[in-house]
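Taking it in order: structure first as structure tokens, then the write-up.
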Amino acid sequence: DAKTTQPNSMESNEEEPVHLPCNHSTISGTDYIHWYRQLPSQGPEYVIHGLTSNVNNRMASLAIAEDRKSSTLILHRATLRDAAVYYCILSLPSGSARQLTFGSGTQLTVLP
Amino acid sequence: ETGVTQTPRHLVMGMTNKKSLKCEQHLGHNAMYWYKQSAKKPLELMFVYNFKEQTENNSVPSRFSPECPNSSHLFLHLHTLQPEDSALYLCASSQERASYGEQFFGPGTRLTVL
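Just so you know, the protein sequences line up as chains W and X, in that order.
Its first residue numbered 1, the first sequence is counted upward by one per residue in my numbering.
Its first residue numbered 1001, the second sequence is counted upward by one per residue in my numbering.
Here you go:
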């Protein structure tokens, strides 16, 4: 399985943008890039996913490098409720139940 | 109830006990998953069911026995567990189709084995 590398932790000030990086140099052409986050005492929740093009949704934006070897999750205005562990995950496209291999993720701390 | 629910939320059991964890999804999904999250370790995928058929078993010890009677319910039967099996057990579901199917997670069952 292709692996991802993320910083262990990051800090951000409230109401400022946050850029969470992820390296995936061994990504294959059919791997999707997924981001999930896990708030304290909760199960993970889906944030965003993409394949080649940049993606936007109500929670965040995903910027994917042209060579797809890295990506960045962008939270446009961090709030205290965004403090969580953020996971960058690669997996094959759907068609069968998808295996998500979680790494250690990035612990995001949002400072008031 | 909406989303993915898990019961019980907390469970304490001895090594000789038999217990079961229950997961129910109210999303009409056709795939369900069990994950284990131990302290200071990443989530580990344990089992995958797709249309009630087990499609993945990631080398999980036989003291963990999954059951998927229908696409809405998933059980994890536990017997003769070890203290190192203490962890947060998470259930998830997804709708597998031609395009993307994100996984929806339940709140988890916090298991302590004495």
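Heads up, the beta-carbon is just placed ideally off N, CA and C, and yes, glycines get one too.
Between P1008 (chain X) and G43 (chain W), the gap from beta carbon to beta carbon reaches 9 Å or more. Under a criterion of Cβ atoms nearer than 7 Å, the residues of chain X adjacent to E45 (chain W) are, in order, F1105. Take P17 (chain W), set aside five residues on each side of it, and the residues of its chain with a beta-carbon closer than 8 Å to its own are I74, L75, H76, R77 and A78, in chain order. Among the residues of chain X, those whose CB is under 8 Å from the CB of S104 (chain W) are P1042, following chain order. For Q42 (chain W), the C-beta contacts it makes with chain X under 7 Å involve P1107, in order along the chain. Each residue's CA atom was taken as its position, placing C88 (chain W) and Y32 (chain W) some 10 Å apart. Taking 9 Å as the CB threshold, Y36 (chain W) lines the interface with chain X. Interface residue (Cβ-Cβ distance to chain W less than 9 Å): A1087 (chain X) is not classified as such. Here the alpha carbon of T1112 (chain X) sits roughly 29 Å from the alpha carbon of W35 (chain W). Around the beta carbon of K1041 (chain X), a 10 Å sphere encloses fewer than 16 other beta carbons of the protein chains shown; the residue is thus reported as exposed.
If you look at S71 (chain W), you'll find it in the beta strand (DSSP E) that goes S70 to L75. No residue range can be given for S25 (chain W), since it is assigned to no beta strand (DSSP E) and is classified by DSSP as neither H nor E.
For F1064 (chain X), the enclosing beta strand (DSSP E) stretches over residues F1064 to N1070.
Note on geometry: alpha-carbon atoms of G50 (chain W) and T26 (chain W) lie some 16 Å from one another. DSSP, reduced to helix, strand and coil, places E45 (chain W) within a strand of the structure shown.
Under DSSP, H34 (chain W) takes part in a beta bridge, and its partners are W:H49 and W:I89.
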